[in-house]
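In terms of the working numbering, the sequence shown is residues 1 to 327. Notes follow once the structure below has been shown.
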Amino acid sequence: MMENWNKLCYYLSEKIQTDIPENEFEPIVEKGLEILGWDEFSGDFEIRPNYQLGSTKNSLRPDFVVKSNETGEKLFVVEIKRPKVPLSSQNQTQLSTYMRQFKLDFGILIGPQIQIFYDGHLNNKENATLIENIEFKRENEKGKKFIELFSKSSFDKNQLVKFAQKSYKRINERETEKEIKKEILSKEFKESIWDLVIKKLSTEYDINLVSNVIENFKLNISEINNETIPEKTFQNYTSNKVNYSNDILPIELNPPSEKEFKEKLLITKTAYITTFYKDGRIKEKVWNANRFSEDSHLLGNIRSRPDFRNGTWQKLKIEKVLVSIHK
Numbered sequence: 001m002m003e004n005w006n007k008l009c010y011y012l013s014e015k016i017q018t019d020i021p022e023n024e025f026e027p028i029v030e031k032g033l034e035i036l037g038w039d040e041f042s043g044d045f046e047i048r049p050n051y052q053l054g055s056t057k058n059s060l061r062p063d064f065v066v067k068s069n070e071t072g073e074k075l076f077v078v079e080i081k082r083p084k085v086p087l088s089s090q091n092q093t094q095l096s097t098y099m100r101q102f103k104l105d106f107g108i109l110i111g112p113q114i115q116i117f118y119d120g121h122l123n124n125k126e127n128a129t130l131i132e133n134i135e136f137k138r139e140n141e142k143g144k145k146f147i148e149l150f151s152k153s154s155f156d157k158n159q160l161v162k163f164a165q166k167s168y169k170r171i172n173e174r175e176t177e178k179e180i181k182k183e184i185l186s187k188e189f190k191e192s193i194w195d196l197v198i199k200k201l202s203t204e205y206d207i208n209l210v211s212n213v214i215e216n217f218k219l220n221i222s223e224i225n226n227e228t229i230p231e232k233t234f235q236n237y238t239s240n241k242v243n244y245s246n247d248i249l250p251i252e253l254n255p256p257s258e259k260e261f262k263e264k265l266l267i268t269k270t271a272y273i274t275t276f277y278k279d280g281r282i283k284e285k286v287w288n289a290n291r292f293s294e295d296s297h298l299l300g301n302i303r304s305r306p307d308f309r310n311g312t313w314q315k316l317k318i319e320k321v322l323v324s325i326h327k
């Protein structure tokens, strides 16, 4: 298998020193198909066949259509491009069109490298999906697998489907990795880390002291061997309702987003604090926030009020606090 792949590398890449047009590349690719065991004389493939689309005058002319010489069933289509020009999305779309018209699950695009496309039941995209990209390098394990899958002697649709399934699993894992990476680098994730910092430190230290200290810190989340994500300061973080431990006074905001609440408070300079006690009592107070600034830490400011300080609110048997912009 590897020997045949190395032959493909030689004829389809190494031997071609300068860029050549597609019509000169065509007989070279034909030789490549022969290395795979397919033979035009035996009826294994057609070169630039003309397929008319229904009753219209339009027609399709793919570069190669590989088929069974016994049943005439089309097996896969091959589209070629100039061997020294990068493959484009337009090239991929053209191949995808042929695959759709012929209802073929697999297609091959050949240029500076080999690309395998899939358009079977697993594919839910508008066009066929690229499931493998193979560089013309000798002793390439991907190339060896290509020979195994597309050689006439070992051609098996079931094996191709299994290959597609593994490829889709790998593609989905990459997409999931991207989603996880995106979440880790998001502002919301950094905010949740700050929440964990508060929870951790507040079990040992006074919440007000913790708030004052961490306002002097910045949080960096960066990818290894990549650009550092811009610094995120503690005082600018936003948070939805935070459920702290029993040692931290539960504070609910209305609106629940700290960022939105802060923006509104800077405009109104007034908010309403409702204190709920365990015995059922409820007290309401007006918060005059004239001294509240954009750099102020919202929750730290609220927790610094005498009744809400750690140790005091427990003695007063306060259950929770609701702070609202509107009464």
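All C-beta atoms in this analysis are idealised placements derived from N, C-alpha and C, irrespective of residue type, glycine included. In this text, all values refer to a predicted model and were calculated from it rather than measured experimentally.
| Check | Outcome |
| --- | --- |
| Considering only their Cβ atoms, is the gap separating THR270 from VAL286 smaller than 8 Å? | yes |
| What's the C-alpha gap between ARG100 and PHE261? | 53 Å |
| Find out if the Cβ-Cβ distance for the pair PHE117, GLN94 is shorter than 8 Å. | no |
| For PHE308 and ILE184, I'd like the C-alpha separation in whole angstroms. | 33 Å |
| Suppose only complete runs of 4+ residues qualify. What are the alpha helix (DSSP H) ranges in the region 11-83, listed by chain order? | 22-35 |
| With DSSP run on the structure shown, which of helix, strand or coil describes PHE106? | strand |
| Within the chosen definition, does the region 182-201 reach the region 42-58 through at least 3 CB pairs nearer than 8 Å? | no |
| So for GLU223, helix, strand or coil by DSSP? | coil |
| Helix, strand or coil for LYS181? Go by DSSP, reduced to three states. | helix |
| Tell me the residue span of the alpha helix (DSSP H) that contains VAL328. | Residue 328 is absent from the model: the chain starts at 1 and stops at 327. |
| Buried or exposed: which applies to LYS317, given that a residue is buried once 16 or more other Cβ atoms fall within 10 Å of its Cβ? | exposed |
| In terms of residue numbering, what span does the alpha helix (DSSP H) encompassing LEU265 cover? | 258-268 |
| In angstroms with no decimal places, state the Cα-to-Cα distance between LYS264 and LEU209. | 26 Å |
| Please report the distance separating the alpha-carbon of ARG138 from that of TYR10. | 8 Å |
| GLU135 to ASN6, Cα distance in whole Å? | 11 Å |
| Do you know offhand how far ASN290's Cα is from LEU266's? | 8 Å |
| Let me make sure I understand the geometry here. Which of GLY72, ASN4, ASP19, PRO21 has the alpha-carbon closest to that of LYS31? | ASN4 |
| In angstroms with no decimal places, state the Cα-to-Cα distance between LYS199 and ILE282. | 26 Å |
| Would ASP279 be called buried (16 or more neighbouring beta carbons within 10 Å of its own) or exposed? | exposed |
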